[in-house]
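Asks: Numbering (the numbering used here), first residue to last: 1226 to 1333.
Heads up, the beta-carbon is just placed ideally off N, CA and C, and yes, glycines get one too.
(1) Taking C-alpha atoms, which residue in 1316, 1292 and 1266 lies nearest to residue 1280?
(2) Using 10 angstroms around the beta-carbon of residue 1290, count the other beta-carbons present and answer buried if the total reaches 16, otherwise exposed.
(3) Does the Cβ-Cβ distance between residue 1282 and residue 1273 come in under 8 Å?
(4) Residue 1308 to residue 1316, Cα distance in whole Å?
(5) In its own chain, which residues sit with a C-beta less than 6 Å from the C-beta of residue 1285, not counting the 5 before and 5 after it?
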């Protein structure tokens, strides 16, 4: 005599799991905005380290200003790790830092 498996009596194993309706879209760009701004800034630091300090400072200023611009134009949920405080505070601090480094590069 063969033993048959019991017949299913309850809900299927996928009960409570919503059906997939296509590919999921990320809610945030994650590290991309921060990586772009930080990448430009790091290139500037490398240029300063190689002795081309004025061009390096301009590049560092560009990285900070890029971060301010990205924080200004991206929605809060897409700003990723650039979102630290309120948008106005983030833009003001990044912009002021970029402007200060640019003035330093111009005057020296």
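Replies: The relevant details are as follows:
(1) In the chain shown, counting from the first residue as 1, residue 1280 sits at position 55. Per the Cα distances, 1266.
(2) Within the chain shown, residue 1290 is the residue found at index 65, counting from 1. With 16 or more Cβ atoms within 10 Å of its Cβ, residue 1290 is classed as buried.
(3) The sequence position of residue 1282 within the chain shown is 57, counting from 1. The sequence position of residue 1273 within the chain shown is 48, counting from 1. Yes.
(4) Position 83 of the chain shown, counted from the start, is the residue given in the question as residue 1308. Position 91 of the chain shown, counted from the start, is the residue given in the question as residue 1316. Residue 1308 and residue 1316: Cα-Cα distance of roughly 10 Å.
(5) Against the chain shown, residue 1285 aligns to sequence position 60. Excluding positions up to five away in sequence, the list reads 1266, 1269 and 1326.
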